[in-house]
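Numbering (the numbering used here), first residue to last: -18 to 313.
Structure first, then comments.
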Ligand code: UVW
């Protein structure tokens, strides 16, 4: 039985094969990686991760900062532990880590919707390419355990996340005020900054949110964050069409959600809270990278009148997880 008979309007389900789980990342070919390598001229590398205990606190109530513990068996904690005999000491630890707390990749399992994929007249919970809640995205069990048996982040980890990145510097174009960026604003910025976006690229959007957060020193001021920074607006249909047509394999930014959050929490049921998540993760298989640290890379590129670089940004190969921290590297 096929997983779906109906595919959502504007989706590419099935175009990369009936069992595809990486969507547009299929366009990250050896040729596209070589195009990324050709952007390396100086050998300077930029780390693109925040410290993973940022933003600090619980801006999203169900996401908490990482907590480290000493690893132990029933007898002893292996932390500052002196071995019997020669006086050697060892430390082992483990971490309780919300995979989407800080700098992260969203897998295609992060966001789905109620949709009648099997054509029986009843909407069911489905994800990219018709993968289903309970059958493929399993849980939560009584003890809270969950597992993505399809679309988990390991699908991205094994896709070889290295290619040509392009920076679109919204902060340089629009400053630090909160502003939804639609198609016209985006085209003006791309032209002014001479950004050449090609099929198979990673598109990075810099807003200045990372610096705001870092200056808050793990005590994020939500109201201040919400009243700052330009972000791309998924309610603009022409902008969405540009994302589809551009051929990019991922959208990444230094903000919480990549997209403008002005409609999030609207009581109007016709207003989609996260339209870009819907377009990218559910319909098109375009991965989203959030809360990346982009400040130094964006400044360097601006100063050197450049916008393209080699991006190397694999997630953890953590089977069954719907997201992952990462420490991406941009090489210019
Ligand atoms: C938001 O937090 C709104 O986005 P995400 O769930 O993708 O992190």
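Yeah, the Cβ is synthetic: ideal placement off N, Cα and C, and Gly gets one too.
Taking C-alpha atoms, which residue in 70, 55, 53, 224 lies nearest to residue 61? Looking from the CA of residue 61, the closest CA among 70, 55, 53, 224 belongs to 70.
Any heavy atom of the ligand UVW closer than 7 Å to the Cβ of residue 237? Residue 237: yes, Cβ under 7 Å from the ligand UVW.
Beta-carbon contacts of residue 13 that lie in its chain and below 7 Å, excluding the five residues immediately before and after: Cβ within range, chain order: 144, 145, 181.
Assign residue 314 to buried or exposed, taking buried as 16 or more other Cβ atoms, counted over all protein chains shown, within 10 Å of its Cβ. Here the chain covers residues -18 to 313 and nothing more, so residue 314 does not appear.
Extract the residue ranges of the beta strand (DSSP E) inside the region 190 to 227, only unbroken runs of 3 or more that lie entirely within it. The qualifying runs are 211 to 213.
If I'm right that residue 298 touches residue 116 with Cβ under 8 Å, what's the distance once you round it to whole angstroms? In this structure, residue 298 and residue 116 do not form a Cβ contact; the two beta carbons are roughly 23 Å apart against a cut-off of 8 Å.
Residue 23: buried (16+ other C-beta within 10 angstroms of its C-beta) or exposed? Exposed, since its Cβ has fewer than 16 Cβ neighbours within 10 Å.
Contacts around residue 313, its chain only, beta-carbon distance under 6 Å, and the 5 residues preceding and following it disregarded: Cβ within range, chain order: 23, 25, 290.
Say yes only if the C-beta of residue 63 is nearer than 7 Å to one or more non-hydrogen atoms of the ligand UVW, and no if none qualify. Using a cutoff of 7 Å, the CB of residue 63 does not count as near the ligand UVW, since none of the ligand's heavy atoms is closer than that.
Exposure label - residue 247; buried when at least 16 CB within 10 Å: Classification of residue 247: exposed, given that the 10 Å Cβ count is below 16.
Environment of residue -15 [buried if 16+ CB atoms lie within 10 Å]: With 16 or more other Cβ atoms within 10 Å, it is buried.
Mind reading off the beta-carbon distance from residue 213 to residue 240? Whole number of angstroms is fine, and I expect it under 8 Å. Rounded, the Cβ-Cβ distance is 6 Å, consistent with contact.
Taking the CB atoms as reference points, tell me whether residue 206 and residue 190 lie closer together than 8 Å. Contact check for residue 206 against residue 190 passes: the beta carbons are separated by less than 8 Å.
Taking the Cβ atom as the reference point for each residue, do residue 109 and residue 260 lie within a distance shorter than 8 Å? Taking 8 Å as the Cβ cut-off, residue 109 and residue 260 do not qualify as a contacting pair.
Could you check if residue 318 is buried or exposed, using at least 16 other CB atoms within 10 Å of its CB as the buried criterion? Given a span of -18 to 313 for the chain in the structure shown, any question on residue 318 remains unanswerable.
In the DSSP output, which residue or residues are listed as bridge partners for residue 233? Residue 233 pairs with 185, 270.
According to DSSP, is residue 299 part of a helix, a strand, or is it coil? DSSP places residue 299 in coil when its eight states are reduced to three.
Would you report the Cα separation of residue 51 and residue 185, rounded to the nearest angstrom? Distance from the CA atom of residue 51 to the CA atom of residue 185, rounded to whole angstroms, is 37 Å.
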